[in-house]
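Single-structure report; data block below.
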Amino acid sequence: MNWGFVEAYMQFYGAPVVTAAISAGYFWADRSGAPLGRRILASAHGAAAALLNVAALIIWMVGISKRSFAAPFLWLHLVPVILILLSFFIYRGPKWMHFLQLPNVAALLWGLFIGSMAVTNEWL
């Protein structure tokens, strides 16, 4: 097996997969009968982080990376952070699910690291 390929794949796509999976887990674990909009809002943190990460990779793949994209990309990461904090208050499912925020935040930070290099095309 080509482990270099697996490592490269996980560096680029691991973070959005993890954050999206945690969002899906939050959505499906909420069996409280809460309105659909509330369930979506309580589980949107990972989807927002995954969207930012995928957008950064698309910017890089298309070849439109610019150094000036760094600051907006950083500021946009406040959206999933705010959604994570919001989920602590509006999520009505099992409270142990909040432990999934540990790998979610780790994946968010990794996505910020890889994504900031992608949007600026300045790789380490």
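Just add 67 to wherever you are in the sequence shown, counting from 1, and you've got the numbering used here.
From the three backbone atoms N, C-alpha and C, an ideal C-beta is built for every residue, glycine too.
- The alpha helix (DSSP H) runs of length 4 or more contained entirely in the stretch 104-137 are, from start to end of the chain, 111-129.
- Of all alpha-carbon atoms in F94, Q168 and P83, the one lying nearest the alpha-carbon of V148 is that of Q168.
- The three-state secondary structure of N171, taken from DSSP, is helix.
- Here the alpha carbon of M128 sits roughly 41 Å from the alpha carbon of S99.
- Look at S90 here: in three-state DSSP terms it is helix.
- Nearest to M184 by alpha-carbon distance, out of Y158, L118 and F79, is F79.
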